[in-house]
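S.K.: Under the working numbering, read the sequence shown as residues 121 to 649, first letter to last. Glycine is no exception: its CB is placed at the ideal position from the N, C-alpha and C atoms. Quantities reported herein were computed from a predicted structural model and do not represent experimental measurements. I have a structure here, written as structure tokens, and I will follow up with some questions on it.
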Amino acid sequence: MSSQYDVLALGAGHNGLTAAAYLAKAGKKVLVLERKAWPGGGVVTREINTPGYWHDEHSSVHIMIQGNPLIRDDELGLIARFGLKYRYGTPYAMIFSDQTTLVAYKDLDRTCEGIAKISPRDADTYRRFAERAIQMLPMFSAGLYAPPLPLGAFVAMMDQNDEGREILDAMQRSSLDLARQYFESEKVRIWLLRLVSENLQLPDELGTGFGMFLMPGLMHGYGVSQPIGGSGRLTEALVRCIEHHGGEVRCNAEVRKVLTSGGRAVGLELTTGEQLRAKDAVIAALHPHVLRRFVAGVPEPVLQRAERTTLAAFSIMVSHYDLKEPIRYHAGGEVEDAIMLEFMASDRLSDMLDDFDALRRGRISERVLGAGGDESIGDPSRVPPGCGLFHGITFAPYDLEAGGAARWDEIREEMGERSLRHYQRFVKNLTADNIIRRTIVTPLDHARNMPTSMPGGDVHGLAPYFYQTAGHRPTPDLSQYTVPGVERLYLVGPFMHPGGGVYGAGRATAIRVFDDLSIDFEKVVAAHS
Ligand SMILES: Cc1cc2nc3c(=O)[nH]c(=O)nc-3n(C[C@H](O)[C@H](O)[C@H](O)COP(=O)(O)OP(=O)(O)OC[C@H]3O[C@@H](n4cnc5c(N)ncnc54)[C@H](O)[C@@H]3O)c2cc1C
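Structure follows, in structure tokens:
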């Protein structure tokens, strides 16, 4: 067994890369191993169909990472030195079925002017919500990008004042409950509930109320962004950073097990049989459901609790279109630059709730819960000159009531056509004469693509329910990024605190490793190297 590395990482998703990059900056010799032919996991931009058309294969919107000191303070120099550039567009818009629109700008006043056209009272309420959420951002941020407090301590802390109690309350209520309590207009309710459901949450799920604060706070506080060139530019900047500090990222290197000795992780074994040794730490993108397969020595009750964690109620299907010309909307140009754009099949709240109910039950409903946009409109580098690219998202169950997940391969194109018909109600030119090629990616494809981080097609790793959040995510045993029974093994992934999405959550894993190795995190991030 060779022993040239201090730190090994299983998986070159953006979280594994983030953790590895901090450790490389600290002077550790790191090697990141990736089973695919390219790094990035769910943060990848590739020419999927036609040369010159750069599609975000999975994530495209970077919201949560904007509050992370990784980006906010550019701790690793990703922006200043390693080529990452963000574009801040209009954060969020909705086109209703009657082709009217409601737009959230970063500017709160401008947003409230739009809401006031539907309901002046809701505009006032929204302003109060958003202002309060912006005030709370520093508190949210302090807890989101570092190891979480134990849940008991977190609850005791929040219970000390009205502001904290309000958050605790929202963390246990549903977004539907809050929308009904505070807002009078059906359209404003739908607009907010769809925004919160972007986190793959049903509006009536208890615990989703927190998103009613967090999302407006993030939109108006930090803004919503996409890297210029696509989501994968974040991955590329992280790889450059690791290499700059002497680390390596090796692709086509699938790990089959974590090597242990004397209750400690000492290396990784590839499917080829090659064994690599880590002197200080092993970082692994291993979902609680697959831990048993990769690591020996974890106590049985810990594994059983890990395997009881709950996946999100539904997943998404993605449609990638290469176009001869950019998208045009019936609703006009106001929504063209929206980074998150929802297309509503019905403007009745009860219809939308029925559609979410169908998802929960594994059914395909007649109406589509769909979103999408042409990312080349704000970033022409994504397409050949004058062309367009459409990225369509349709909420979809993973485990279909009729036929289970395996049926997705059979209904892929049929579902693609159904989504296309829905998008065509809102997009003027998503038509045969404009479409060059399309690729449909199903929930089953996500599970196949990311077997150790998104089983069951859960693109956010695990549902963000209160019982598996903060100091209990994914379970109390595993919440500190460490694994009982196996010292020096650390976890990264969307199933860890703070949750799924492009968060740069590997920073928190790195902080935990730094603590165990007695390295001063603040000193390392402050160093210019
Ligand atoms: C279709 C889709 C759309 C999304 N849209 C958004 C969005 O717009 N905004 C947002 O914030 N989030 C979005 N997400 C979620 C986001 O992509 C994930 O939360 C994020 O990528 C998780 O990052 P990660 O690094 O923790 O894990 P992953 O990205 O899953 O990375 C894990 C890596 O480990 C590798 N790996 C796994 N097993 C092995 C092994 N045995 N050996 C070696 N390597 C291995 C995988 O190949 C992968 O590269 C989306 C996800 C999907 C699927």
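Roughly how many whole angstroms lie between the Cα atoms of PRO268 and ARG632?
M.R.: To locate residue 268, count along the sequence shown from 1; it is residue 148. To locate residue 632, count along the sequence shown from 1; it is residue 512. So the alpha carbons of these two residues sit roughly 11 Å apart.
S.K.: So, for ALA664: in the same chain, excluding its five sequence neighbours on each side, which residues have a beta-carbon less than 6 Å away from its beta-carbon?
M.R.: In the structure displayed, the chain extends from 121 to 649; residue 664 sits before or after that span and is not available.
S.K.: Can you list, in chain order, the stretches of the beta strand (DSSP E) that have 3 or more residues and sit fully within the region 505 to 556?
M.R.: Runs found: 508 to 516.
S.K.: Give me the Cα-Cα distance between ARG376 and MET570, rounded to the nearest whole angstrom.
M.R.: What you label residue 376 is simply residue 256 of the sequence shown in a count that begins at 1. What you label residue 570 is simply residue 450 of the sequence shown in a count that begins at 1. Whole-angstrom Cα-Cα distance: 14 Å.
S.K.: Return the CA-CA distance between ASP279 and GLY626, expressed in angstroms with no decimal places.
M.R.: Numbered from its first residue, the sequence shown carries residue 279 at position 159. Numbered from its first residue, the sequence shown carries residue 626 at position 506. Looking at the two C-alpha atoms, the distance is approximately 29 Å.
S.K.: Would you report the Cα separation of VAL455 and ILE348, rounded to the nearest angstrom?
M.R.: Numbered from its first residue, the sequence shown carries residue 455 at position 335. Numbered from its first residue, the sequence shown carries residue 348 at position 228. Spanning the two alpha carbons is a distance of roughly 19 Å.
S.K.: On the criterion of 16 or more Cβ atoms from any shown chain inside 10 Å, does ALA646 qualify as buried, or is it exposed?
M.R.: To locate residue 646, count along the sequence shown from 1; it is residue 526. That one is exposed.
S.K.: When you measure from the CB of ASN554 to every non-hydrogen atom of ligand 1, does any distance come out below 8 Å?
M.R.: As a working note, residue 554 is residue 434 in the sequence shown. It does not: the Cβ of ASN554 is nowhere closer than 8 Å to a heavy atom of ligand 1.
S.K.: So does the region 301 to 318 actually touch the region 141 to 156, counting three or more Cβ pairs closer than 8 Å?
M.R.: The region 301 to 318 vs the region 141 to 156: no contact.
S.K.: At what residues does the alpha helix (DSSP H) containing GLU607 begin and finish?
M.R.: In the sequence shown, counting from the first residue as 1, residue 607 sits at position 487. Premise fails: GLU607 lies in the beta strand (DSSP E), 606 to 611, not in any alpha helix (DSSP H).
S.K.: Quick one: any contact between the region 524 to 533 and the region 126 to 143, if contact means 3 or more CB pairs under 8 Å?
M.R.: Flag = no, the region 524 to 533 and the region 126 to 143 do not touch.
S.K.: Between THR220 and ILE556, which are expected to be in contact by the criterion C-beta below 8 Å, what is the C-beta distance as a whole number of angstroms?
M.R.: By one-based count along the sequence shown, residue 220 stands at place 100. By one-based count along the sequence shown, residue 556 stands at place 436. About 31 Å; that fails the 8 Å criterion.
S.K.: Who are GLY492's beta bridge partners in DSSP?
M.R.: For this step, residue 492 is matched to residue 372 along the sequence shown. GLY492 is bridged to GLY512.
S.K.: With distances taken between CB atoms, is the gap from SER295 to MET332 smaller than 9 Å?
M.R.: For this step, residue 295 is matched to residue 175 along the sequence shown. For this step, residue 332 is matched to residue 212 along the sequence shown. In this structure, MET332 lies closer than 9 Å to SER295 by Cβ.
S.K.: Counting only the same chain and skipping the five closest in sequence on each side, list residues whose C-beta sits under 6 Å from that of ALA357.
M.R.: Within the sequence shown, the letter at position 237 stands for residue 357. Closer than 6 Å at the Cβ level, and outside the excluded window around ALA357, lie LEU198, PHE202, GLY203, LEU204.
S.K.: So for MET332, helix, strand or coil by DSSP?
M.R.: Numbered from its first residue, the sequence shown carries residue 332 at position 212. It is helical.
S.K.: With GLY383 and VAL606 assumed to form a contact (beta carbons below 8 Å), what rounded beta-carbon distance in angstroms separates them?
M.R.: Against the sequence shown, residue 383 aligns to sequence position 263. Against the sequence shown, residue 606 aligns to sequence position 486. About 7 Å separates the two Cβ atoms, so the contact holds.
S.K.: Is any non-hydrogen atom of ligand 1 found closer than 8 Å to the C-beta of GLY162, if you look at the structure I gave you?
M.R.: Along the sequence shown, one-based indexing puts residue 162 at 42. Under cutoff, so the answer is yes.
S.K.: I want to check one thing, is the minimum distance from the CB of ASN188 to the heavy atoms of ligand 1 below 8 Å?
M.R.: Within the sequence shown, the letter at position 68 stands for residue 188. For ligand 1, not one heavy atom lies less than 8 Å from the Cβ of ASN188.
S.K.: Say whether chain B places a C-beta atom closer than 9 Å to the C-beta of ALA224.
M.R.: Of the chains in the structure shown, none is chain B; there is only one protein chain.
S.K.: For LEU204, verify whether its CB is less than 8 Å away from any heavy atom of ligand 1.
M.R.: To locate residue 204, count along the sequence shown from 1; it is residue 84. Incorrect: LEU204 has no Cβ contact closer than 8 Å to ligand 1.
S.K.: Give me, in chain order, the residues of the same chain whose beta-carbon lies closer than 8 Å to that of MET256; leave out the 5 immediate sequence neighbours on both sides.
M.R.: Within the sequence shown, the letter at position 136 stands for residue 256. Here the set comprises GLU283, ILE287, PHE333, GLY337.
S.K.: Pair every Cβ in the region 357 to 367 with every Cβ in the region 209 to 225, then say whether three or more of these pairs are closer than 8 Å.
M.R.: Touching, no.
S.K.: When the Cα atoms are used, what is the spatial distance from THR328 to THR392?
M.R.: Position 208 of the sequence shown, counted from the start, is the residue given in the question as residue 328. Position 272 of the sequence shown, counted from the start, is the residue given in the question as residue 392. Roughly 44 Å between the two C-alpha positions.
S.K.: Give the straight-line distance between the Cα atoms of PHE434 and ALA525, rounded to the nearest whole angstrom.
M.R.: Along the sequence shown, one-based indexing puts residue 434 at 314. Along the sequence shown, one-based indexing puts residue 525 at 405. Each residue's Cα considered, the two are about 12 Å apart.
S.K.: Nearest-angstrom Cα distance between SER470 and PHE634?
M.R.: In the sequence shown, the residue the question calls residue 470 occupies position 350. In the sequence shown, the residue the question calls residue 634 occupies position 514. Approximately 50 Å, taken between the alpha carbons.
S.K.: Taking the alpha carbon of ASP494 as the point to measure from, which residue in TYR449, ARG538, TYR585, TYR518 has its own alpha carbon closest?
M.R.: As a working mapping, residue 494 is identified with position 374 in the sequence shown. Measuring from the Cα of ASP494, the nearest candidate turns out to be TYR449.
S.K.: Give the DSSP-derived three-state secondary structure of SER180 in the structure shown.
M.R.: Numbered from its first residue, the sequence shown carries residue 180 at position 60. Of the three classes helix, strand and coil, the one that applies to SER180 here is coil, per DSSP.
S.K.: Pick helix, strand or coil for SER638, following the three-state DSSP scheme.
M.R.: To locate residue 638, count along the sequence shown from 1; it is residue 518. Reduced to three states, the DSSP call for SER638 is coil.
S.K.: Which first and last residues belong to the alpha helix (DSSP H) in which SER239 is found?
M.R.: Taking the first residue of the sequence shown as 1, we reach residue 239 at position 119. Counting along the chain, SER239 falls outside any alpha helix (DSSP H), and DSSP gives it neither H nor E.
S.K.: Compute the minimum distance between the beta carbon of ARG715 and the heavy atoms of ligand 1, and state whether it is under 8 Å.
M.R.: Outside the displayed range of the chain (121 to 649) lies residue 715, so it cannot be described from this structure.
S.K.: Which residue from ARG285, THR138, ALA458 puts its Cα closest to that of ILE447?
M.R.: Indexing the sequence shown from 1 puts residue 447 at position 327. It is ALA458.
S.K.: Could you check whether the Cβ of ALA373 sits closer than 8 Å to any heavy atom belonging to ligand 1?
M.R.: Walking along the sequence shown from the start, residue 373 turns up at place 253. At least one heavy atom of ligand 1 is nearer than 8 Å to the Cβ of ALA373, so yes.
S.K.: Count the other CB atoms within 10 Å of the CB of SER381; is the residue buried (16 or more) or exposed (fewer)?
M.R.: As a working mapping, residue 381 is identified with position 261 in the sequence shown. Exposed is the call here.
S.K.: Please tell me whether THR355 and THR595 are closer than 9 Å, where the distance is taken between their beta carbons.
M.R.: Counting from 1 along the sequence shown, the entry for residue 355 is found at position 235. Counting from 1 along the sequence shown, the entry for residue 595 is found at position 475. Going by C-beta atoms, THR355 is not nearer than 9 Å to THR595.
S.K.: Once DSSP output is grouped into helix, strand and coil, what is the label at PRO211?
M.R.: Here the question's residue 211 lines up with position 91 in the sequence shown. DSSP places PRO211 in strand when its eight states are reduced to three.
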